[in-house]
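Chains as they are written, first to last, in our numbering: chain A, 1 to 218; chain B, 219 to 395. In this text, a Cβ means the ideal position worked out from N, Cα and C, and glycines have one as well. Notes for the one structure printed next.
Encoded structure:
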């Protein structure tokens, strides 16, 4: 996907730029973009070092785990198909806590472990996503950051008079986005006819298979 | 406006100092832990550098070609009614696909019209309240080998679109008054 986007953006803007008589601007954009990238990277790299350092402290001190335990009642209600106190629930809470604290990178490892655990608890065999899995992924695409650190640094660096003034707007918009996303997934699931199935409460199918296998072998 | 500013500043300070304080109480070697984390952060920044270079090239070429100005005229009826600044249209299109691309567009907007302009503020809120949806979906489902993602993509894109519309709405109501 990125291969197409990268190629077409460049080709189209090159052709358009020349046709519009803006070849000077376009060629200087090509020549200066590398340097601008380095400037941007200097800002970003420093910010990432500082915030990753702080996040490591939050994780080592158990602050992330503490926040995670506070989230449990909420996640239980959002993803009712999961085992209470199970592995999935634990990793989901850790993932959300890390997201809230503002570093997406620290959120990915528990996020992926949560996916494995959700799969084990809700759809051990299938190749289609379970309701709880969809809820969890939508949760992760709605950016639940309390402190969007990269953005704040970028604003400060660009000379904003009040870099942090946008935070309340960010929180409200994130919340609205999350609500809309979850509502939409619920509506679509109801229309599709497979409303939240609590697979964990159905009798497990494994014992039957175990009973069948030996017959086939012997 | 001064209220939100102070509020935000206190949030940043509380986060930084609060994490340290909590860790000191829990007896964590804060300095050494910070160094470990910072090292990891530097590596992350280094990892995204190539993608950032590629997308900065794209975005600055598109900007220089004047293509967004032409698109602006076409889209002005739509963006006007929703109070979406035309500068943020490329951001809305690129955000779900590429995090580095979105970062490059936001930076471009900051250089062109400034972070304190209406467009600069809306772009900031859009960036902060949405995610690189397609990347997240690919990585998360890819890790467990799920192929049928059901209604995940439509639901996640609904979330993105809502976040972006709310960016314009909240900035208009809270900051531009």
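Between the CA atoms of residue j and residue i - distance to the nearest angstrom
| i | j | result |
| --- | --- | --- |
| residue 123 of chain A | residue 298 of chain B | 46 Å |
| residue 196 of chain A | residue 373 of chain B | For residue 196 of chain A, the predicted model reports a pLDDT of 48, less than 50, meaning its position is unreliable and no value from the coordinates is stated. |
| residue 189 of chain A | residue 80 of chain A | 15 Å |
| residue 280 of chain B | residue 68 of chain A | 43 Å |
| residue 232 of chain B | residue 50 of chain A | 15 Å |
| residue 185 of chain A | residue 131 of chain A | 9 Å |
| residue 366 of chain B | residue 128 of chain A | 4 Å |
| residue 221 of chain A | residue 89 of chain A | For residue 221 of chain A there is no data in the structure shown, the boundaries of chain A being 1 and 218. |
| residue 56 of chain A | residue 238 of chain B | 10 Å |
| residue 41 of chain A | residue 152 of chain A | 15 Å |
| residue 331 of chain B | residue 82 of chain A | 48 Å |
| residue 47 of chain A | residue 27 of chain A | 31 Å |
| residue 241 of chain B | residue 282 of chain B | 48 Å |
| residue 383 of chain B | residue 357 of chain B | 26 Å |
| residue 234 of chain B | residue 61 of chain A | 13 Å |
| residue 8 of chain A | residue 224 of chain B | 44 Å |
| residue 150 of chain A | residue 78 of chain A | 29 Å |
| residue 375 of chain B | residue 351 of chain B | 7 Å |
| residue 110 of chain A | residue 394 of chain B | 39 Å |
| residue 173 of chain A | residue 252 of chain B | 31 Å |
| residue 66 of chain A | residue 13 of chain A | 50 Å |
| residue 228 of chain B | residue 221 of chain B | 11 Å |
| residue 289 of chain B | residue 267 of chain B | 29 Å |
| residue 210 of chain A | residue 125 of chain A | Unreliable positioning characterises residue 210 of chain A in this predicted model, as indicated by a pLDDT of 37, which lies under 50. The coordinate reading is nonetheless provided below. Distance between the alpha carbons of residue 210 of chain A and residue 125 of chain A: 15 Å. |
| residue 23 of chain A | residue 15 of chain A | 9 Å |
| residue 52 of chain A | residue 108 of chain A | 14 Å |
| residue 379 of chain B | residue 177 of chain A | 7 Å |
Cross-chain neighbours of residue i in chain B, by beta carbon under 7 Å
| i | result |
| --- | --- |
| residue 188 of chain A | 369, 372 and 373 |
| residue 107 of chain A | Those do not exist, as residue 107 of chain A stays about 10 Å from chain B at its closest Cβ, beyond 7 Å. |
| residue 33 of chain A | 274, 275 and 278 |
| residue 4 of chain A | Under the 7 Å cutoff, chain B gives no residues; its nearest Cβ is about 10 Å from residue 4 of chain A. |
| residue 180 of chain A | 376, 377 and 380 |
Supposed contact pair residue j and residue i - C-beta distance, whole angstroms, cut 8 Å
| i | j | result |
| --- | --- | --- |
| residue 17 of chain A | residue 25 of chain A | 7 Å |
| residue 71 of chain A | residue 96 of chain A | 5 Å |
| residue 182 of chain A | residue 138 of chain A | 6 Å |
| residue 293 of chain B | residue 278 of chain B | The pair is not a contact, with the Cβ atoms about 21 Å apart (cut-off 8 Å). |
| residue 362 of chain B | residue 116 of chain A | 6 Å |
| residue 333 of chain B | residue 160 of chain A | 4 Å |
| residue 317 of chain B | residue 359 of chain B | Going by Cβ atoms, the distance from residue 317 of chain B to residue 359 of chain B rounds to 18 Å, so no, they are not a contact pair. |
Residue i: contacting residues in chain A (beta-carbon distance under 8 Å)
| i | result |
| --- | --- |
| residue 282 of chain B | 13, 17, 22, 25, 26, 28 and 29 |
| residue 365 of chain B | 127 and 128 |
Cross-chain neighbours of residue i in chain B, by beta carbon under 9 Å
| i | result |
| --- | --- |
| residue 90 of chain A | Under the 9 Å cutoff, chain B gives no residues; its nearest Cβ is about 17 Å from residue 90 of chain A. |
Amino acids of chain A, ordered along the chain, whose beta-carbon sits closer than 7 Å to that of residue i
| i | result |
| --- | --- |
| residue 226 of chain B | 164, 165 and 167 |
| residue 342 of chain B | 151, 155 and 166 |
| residue 324 of chain B | 154 |
| residue 233 of chain B | 147 |
Chain A contact residues for residue i, given Cβ-Cβ distances below 9 Å
| i | result |
| --- | --- |
| residue 331 of chain B | Those do not exist, as residue 331 of chain B stays about 10 Å from chain A at its closest Cβ, beyond 9 Å. |
| residue 335 of chain B | In chain order: nothing, as chain A lies at least about 10 Å away. |
Amino acids of chain B, ordered along the chain, whose beta-carbon sits closer than 8 Å to that of residue i
| i | result |
| --- | --- |
| residue 143 of chain A | 346, 347, 348, 349 and 381 |
Residue i Cβ short of 7 Å to the ligand ZN heavy atom set
| i | result |
| --- | --- |
| residue 36 of chain A | The model on display carries no ligand, and the ligand ZN is accordingly not part of it. |
Legend entry - Cβ-based contacts, 9 Å cut-off: residues of the stretch 237–257 of chain B near chain A: 237, 238, 240, 241, 242, 243, 244, 245, 246, 247, 248, 251, 252, 253, 254, 255, 256 and 257
Inset, instruction - Taking a Cβ distance cut-off of 8 Å, strictly less, list which residues of the stretch 73–97 of chain A are near chain D, in chain order. - result: Given the protein chain composition of this structure (A and B), no chain D is represented.
Inset, instruction - Please name the residues in the stretch 263–281 of chain B whose beta-carbon is closer than 9 Å to at least one beta-carbon of chain A, in chain order. - result: 263, 264, 266, 267, 269, 270, 271, 272, 273, 274, 275, 276, 277, 278, 279, 280 and 281
Legend entry - Residues from the stretch 158–176 of chain A in contact with chain B, defined by Cβ distance under 9 Å: 158, 159, 160, 161, 162, 163, 164, 165, 166, 167, 168, 169, 170, 171, 172, 173, 174, 175 and 176
Legend entry - Start-end ranges of the alpha helix (DSSP H) lying completely within the stretch 259–327 of chain B, minimum 4 residues: 285–299 and 307–312
Legend entry - Chain-ordered residues of the stretch 290–313 of chain B with a beta carbon less than 7 Å from chain A: none
Inset, instruction - Pick out the complete alpha helix (DSSP H) segments inside the stretch 76–108 of chain A, 4 residues or longer, and give them in chain order. - result: 87–101
Legend entry - Residues of the stretch 45–66 of chain A with Cβ closer than 9 Å to any Cβ of chain B, in chain order: 45, 46, 47, 48, 49, 50, 51, 52, 53, 54, 55, 56, 57, 58, 59, 60, 61, 62, 63 and 66
Inset, instruction - Tell me the start and end of each unbroken alpha helix (DSSP H) in the stretch 101–149 of chain A that is at least 4 residues and wholly inside, in chain order. - result: 104–122 and 131–141
Legend entry - Residue ranges of each alpha helix (DSSP H) within the stretch 148–187 of chain A, 4 or longer: 149–157
Legend entry - Length-filtered (4 minimum) alpha helix (DSSP H) runs lying within the stretch 12–54 of chain A: none
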